[in-house]
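**Q**
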Amino acid sequence: MLPMMAQVQYGTEQYAVRAYAGYAHNTTYGSYGVFDAGGFMPINQHFEMQADLRLSTAGNHALGVQLRPKFAVPVGEMFIDVRLLSNLYKRDGYNDLTQFIGVGYRMDHVTAILGMSTRLIMETPYDWHGTQSMIVEPYNICYKIEVFIREHTSPWNISLCATNMTDYQIERVWQPVFSVGGWYDIDSHWRVNLAALCKPTGMFHLNAKYYGAELRAGFNYNF
Amino acid sequence: MKKTIILSSIIALLCSCNPDTWNLDVTGMFSGSSAGIDERIEDSFDYNNQHGMPHLYATAESYKVYVATDTHVDRSRENWEKFIQAYRADMSCPLALHLGDLVNAQNHWDYMRRPVDSIPANPLKKDTLLAVAGNHDLYFNQWKEYVRLWKTSTYYAIVETPTGKQDLYIFLDTGEGILGKKQTEWLKTTLNWADTQAFRHIVVCTHTHLFKLDSSQGHTSNMPLEETYALLHLLKQHKVELFLCGHDHSREVTNLGTMTSIIVDALFDREPQPAYLIATMDENPIAYRFVKP
Numbered sequence: 014m015l016p017m018m019a020q021v022q023y024g025t026e027q028y029a030v031r032a033y034a035g036y037a038h039n040t041t042y043g044s045y046g047v048f049d050a051g052g053f054m055p056i057n058q059h060f061e062m063q064a065d066l067r068l069s070t071a072g073n074h075a076l077g078v079q080l081r082p083k084f085a086v087p088v089g090e091m092f093i094d095v096r097l098l099s100n101l102y103k104r105d106g107y108n109d110l111t112q113f114i115g116v117g118y119r120m121d122h123v124t125a126i127l128g129m130s131t132r133l134i135m136e137t138p139y140d141w142h143g144t145q146s147m148i149v150e151p152y153n154i155c156y157k158i159e160v161f162i163r164e165h166t167s168p169w170n171i172s173l174c175a176t177n178m179t180d181y182q183i184e185r186v187w188q189p190v191f192s193v194g195g196w197y198d199i200d201s202h203w204r205v206n207l208a209a210l211c212k213p214t215g216m217f218h219l220n221a222k223y224y225g226a227e228l229r230a231g232f233n234y235n236f
Numbered sequence: 028m029k030k031t032i033i034l035s036s037i038i039a040l041l042c043s044c045n046p047d048t049w050n051l052d053v054t055g056m057f058s059g060s061s062a063g064i065d066e067r068i069e070d071s072f073d074y075n076n077q078h079g080m081p082h083l084y085a086t087a088e089s090y091k092v093y094v095a096t097d098t099h100v101d102r103s104r105e106n107w108e109k110f111i112q113a114y115r116a117d118m119s120c121p122l123a124l125h126l127g128d129l130v131n132a133q134n135h136w137d138y139m140r141r142p143v144d145s146i147p148a149n150p151l152k153k154d155t156l157l158a159v160a161g162n163h164d165l166y167f168n169q170w171k172e173y174v175r176l177w178k179t180s181t182y183y184a185i186v187e188t189p190t191g192k193q194d195l196y197i198f199l200d201t202g203e204g205i206l207g208k209k210q211t212e213w214l215k216t217t218l219n220w221a222d223t224q225a226f227r228h229i230v231v232c233t234h235t236h237l238f239k240l241d242s243s244q245g246h247t248s249n250m251p252l253e254e255t256y257a258l259l260h261l262l263k264q265h266k267v268e269l270f271l272c273g274h275d276h277s278r279e280v281t282n283l284g285t286m287t288s289i290i291v292d293a294l295f296d297r298e299p300q301p302a303y304l305i306a307t308m309d310e311n312p313i314a315y316r317f318v319k320p
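Order-wise, the sequence lines are chains A and B.
FYI, the numbering for the first sequence is 14 to 236, going by this note's numbering.
FYI, the numbering for the second sequence is 28 to 320, going by this note's numbering.
1. Closer than 8 angstroms by beta-carbon distance: list the chain A residues that pair up with B/ILE205, in chain order.
2. Mind listing the chain A neighbours of B/LYS328? Cutoff is C-beta to C-beta under 8 angstroms, in chain order.
3. What number of angstroms, rounded off, separates the C-alpha of B/THR48 from the C-alpha of A/HIS122?
4. Between the alpha carbons of B/HIS350 and B/ALA158, how many angstroms are there, rounded?
5. Does B/HIS260 come within less than 8 angstroms of chain A when only Cβ atoms are used?
6. Please report the distance separating the alpha-carbon of A/ARG96 from that of A/MET129.
7. Between the Cα of B/VAL280 and those of B/LEU240, B/ASN311 and B/PHE110, spot the shortest distance and give me the residue it belongs to.
8. Would you report the Cα separation of A/GLU227 and A/ALA32, rounded to the nearest angstrom?
9. Just how far apart, CA to CA, sit A/ALA75 and B/GLN210?
10. Compute the Euclidean distance between the alpha carbons of A/GLY117 and A/MET216, then round it to the nearest angstrom.
11. Could you name the residues that DSSP lists as bridge partners for B/MET286?
12. Hey, is A/LEU80's beta-carbon within less than 8 angstroms of any beta-carbon in chain B?
13. Taking Cβ positions only, does A/ASN235 come closer than 8 angstroms to chain B?
14. Just checking my contact of B/TYR315 with B/ALA95 at CB under 8 angstroms: how many whole Å lie between their CB atoms?
15. Name the DSSP beta bridge partners of B/ASP194, please?
16. Taking the alpha carbon of A/ALA175 as the reference point, which residue from A/LYS157, A/SER167 and A/ARG163 has its own alpha carbon closest?
17. Hey, quick one: how far does the alpha helix (DSSP H) through B/ILE68 stretch, first residue to last?
18. Grab me the residues of A/ALA221's own chain with a C-beta within less than 6 angstroms of its C-beta, minus the 5 sequence neighbours each way, in chain order.
19. In chain B, which residues lie with their C-beta within 8 angstroms of the C-beta of A/ASP105?
20. Using 8 angstroms as the limit for Cβ to Cβ distance, is A/ASP140 near chain B?
21. In whole angstroms, give me the CA-to-CA distance for B/GLY55 and B/SER61.
22. Could you say which of B/ILE305, B/PRO147 and B/THR287 lies nearest to A/SER146 if we only look at CA atoms?
23. Can you check which of these residues, A/LEU101, A/TYR36, A/ARG132 and A/GLY143, is closest to A/VAL186 by C-alpha distance?
24. Span of the alpha helix (DSSP H) holding B/LEU359?
25. Looking only at DSSP bridge pairs, what is B/CYS272 linked to?
26. Short of 7 angstroms Cβ to Cβ, which residues in the region 176 to 188 of chain A face chain B?
27. Report yes or no: do the region 39 to 47 of chain A and the region 147 to 154 of chain A share at least 3 C-beta pairs separated by less than 8 angstroms?
28. Can you tell me whether A/ASN57 is helix, strand or coil according to DSSP?
29. Just by C-beta distance, which residues in the region 147 to 160 of chain A are closer than 8 angstroms to chain B?
30. Using a C-beta cutoff of 8 angstroms, does B/SER248 count as contacting chain A?
31. Taking the beta strand (DSSP E) that A/LEU101 falls in, what are its first and last residues?
32. Is it a yes or a no for the region 81 to 92 of chain B touching the region 173 to 192 of chain B, going by three-plus beta-carbon pairs under 8 angstroms?
33. Relative to the C-alpha of A/TYR107, which residue among A/ASN73, A/ARG119, A/VAL193 and A/PRO87 is closest?
34. Could you tell me which chain B residues have their CB closer than 7 angstroms to the CB of A/TYR102, listed as they occur along the chain?
35. Beta-carbon separation of B/THR1 and B/THR201 under 8 angstroms?
36. Identify whether B/THR48 lies in helix, strand or coil by the three-state DSSP scheme.
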């Protein structure tokens, strides 16, 4: 759920894998643990891929793929962000499949993405003989703005992010998630990542209160 | 450009302090001014414990429930008055519901409540109007006003027919888009109890809608996804037949297999197509129709 962990690797062209563990809490599940793994694949100069897997002790699992055609602009880089994300809310017997397409821009101190998503919601196991229709949430605006205090090539960095989409979940437009994150490069292969996330509720009910939080740490290995 | 952004921000903040200029409590985006859900539940439970849950009686096996939402009463209340007159005139209606956003913002509570007390009751029947709080009922620390006039927002009511058949109505406070831990536990306990009681119908009433199905919901926020699925699971597990909500202002009916979710149109006077819902409760699956005020 931590946008910081997207790790678009702007400024590098290395394959990378990562593994994180974290503690999370929300008022629906209470306390739970999360375990994330992922891979980053720079296919060539104009195309990169990312795959993400999340397992949680709350029974809420996620599997996602991101594809990013990209091209340089005079300052920074533009990219098309395409995501396919499947969330299994095993605890509650629901599965959703979310497709996202957006336009992004990244430079040393800022990453910004704006796009639309569509969500298919179905019970699991789905009752093919039942009368329930698959629920479709057809239009959802998605956004992400992340600000870094240092350049992407720096051996350490800290960022602040506001978004409604993370690597593991795409929320509705009025449900933002805020995070602060950072990394430190131990050497040319190993990177330590830390991040903290806060998910309020009711911001656009104009009754904002705490809903959930997450604290996560892990390692990236760049090949 | 920079000056424009700064100036706009200052105006927005100033407007948020003056509800007569702009009836939105913008500071609530960062910290809601009313008590949080777990505190509000305590207020509701205090009232419930002292007064018990409403137990109403229908005069026939088939009766009607009138449902209004999002009246947003501020300087006018024409549709709200028509709704009250309509359900009081209907001899088959023992229960009317308001699904939240009773007022648009502060300073209109007594004006909103007055027709409930001043429009003459029908001497030939008994009826009761019950409500839940919406997000507009919490702005500007209005929970106190809600409690003063409407007493509770988490409770259930039973309507009993002449032959002893009972329908259960559960009211949930989702004014900030979540149920919260205590209310979720209460809901589980209530639904577990309901499973042992052979209710004819179970209806859940709240303010916030479950899904974001069309562009009419562009301006209204949902519950977080985790909360949406957890609530859906509970409702379906316990065979809730009808989920009634508002918030969106636009009608929507979603078939969820054994359960139907209905967003009822707003009854706001400035709404282009205001409507309320009349549900018919009998031995058959719940039937409903929408009525223009």
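Think of the CB as a built atom: it goes at the ideal place given N, C-alpha and C, for glycine as much as any other residue.
This structure is a prediction, so every number in the text was calculated from the model and none was measured.
**A** Concretely, from the data shown:
1. Those are THR40, THR41, THR214, GLY215, LYS222 and TYR224, listed as they occur along chain A.
2. Because chain B spans 28 through 320 in this model, residue 328 of chain B falls outside it and cannot be assessed.
3. At B/THR48 the pLDDT is 43, less than 50, meaning the model places this residue with poor confidence and gives no usable figure here.
4. Absent from the model: residue 350 of chain B. The displayed extent of chain B is 28 to 320, so no value can be given.
5. True, the Cβ-Cβ gap to chain A drops below 8 angstroms.
6. A straight line joining the alpha-carbon of A/ARG96 with that of A/MET129 spans about 10 angstroms.
7. Of the candidates B/LEU240, B/ASN311 and B/PHE110, the one whose C-alpha sits nearest the C-alpha of B/VAL280 is B/LEU240.
8. Going from the Cα of A/GLU227 to the Cα of A/ALA32 covers about 16 angstroms.
9. About 28 angstroms.
10. The alpha-carbon atoms of A/GLY117 and A/MET216 are separated by roughly 25 angstroms.
11. Paired residue(s): B/LEU283.
12. So no, A/LEU80 is outside the interface.
13. For A/ASN235, no Cβ of chain B is located within less than 8 angstroms of the residue's own Cβ.
14. No, B/TYR315 and B/ALA95 are not in contact; Cβ-Cβ is about 13 angstroms, not under 8 angstroms.
15. B/VAL186 and B/HIS228, per the DSSP bridge assignment.
16. The residue with the shortest Cα to Cα distance from A/ALA175 is A/LYS157.
17. Residues 64 to 78.
18. Contacts found: PRO213 and GLY215.
19. Among the residues of chain B, those whose CB is under 8 angstroms from the CB of A/ASP105 are TYR256, ALA257, LEU259 and HIS260, following chain order.
20. For A/ASP140, a Cβ of chain B is located within less than 8 angstroms of the residue's own Cβ.
21. Their Cα atoms are separated by approximately 9 angstroms.
22. Taking only the C-alpha atoms, the option nearest A/SER146 is B/THR287.
23. Of the candidates A/LEU101, A/TYR36, A/ARG132 and A/GLY143, the one whose C-alpha sits nearest the C-alpha of A/VAL186 is A/ARG132.
24. As displayed, chain B neither begins before 28 nor continues past 320, which places residue 359 of chain B out of reach and without an answer.
25. Per DSSP, B/ILE290.
26. Cβ contacts with chain B: GLN182, GLU184, ARG185, TRP187 and GLN188.
27. No: the two stretches stay apart, fewer than three of their Cβ pairs being nearer than 8 angstroms.
28. Assigned with DSSP and collapsed to three states, A/ASN57 falls in strand.
29. Residues are counted here when their Cβ sits less than 8 angstroms from a Cβ of chain B; for the region 147 to 160 of chain A these are ILE148, VAL149, GLU150, PRO151, TYR152 and ASN153, given in chain order.
30. Taking Cβ atoms only, chain A reaches closer than 8 angstroms to B/SER248, which makes this a yes.
31. First-last of the beta strand (DSSP E) with A/LEU101: 90 to 102.
32. Contact between the region 81 to 92 of chain B and the region 173 to 192 of chain B is present, because at least three Cβ pairs lie under 8 angstroms.
33. Considering only alpha carbons, the answer is A/ASN73.
34. Those within 7 angstroms of A/TYR102 in chain B are TYR256.
35. The requested residue 1 of chain B does not occur in the structure, where chain B is confined to residues 28 to 320.
36. Below a pLDDT of 50, predicted positions are generally treated as unreliable, and B/THR48, at 43, falls in that range; the measurement from the model is reported next regardless. In this structure, B/THR48 counts as coil in the three-state DSSP scheme.
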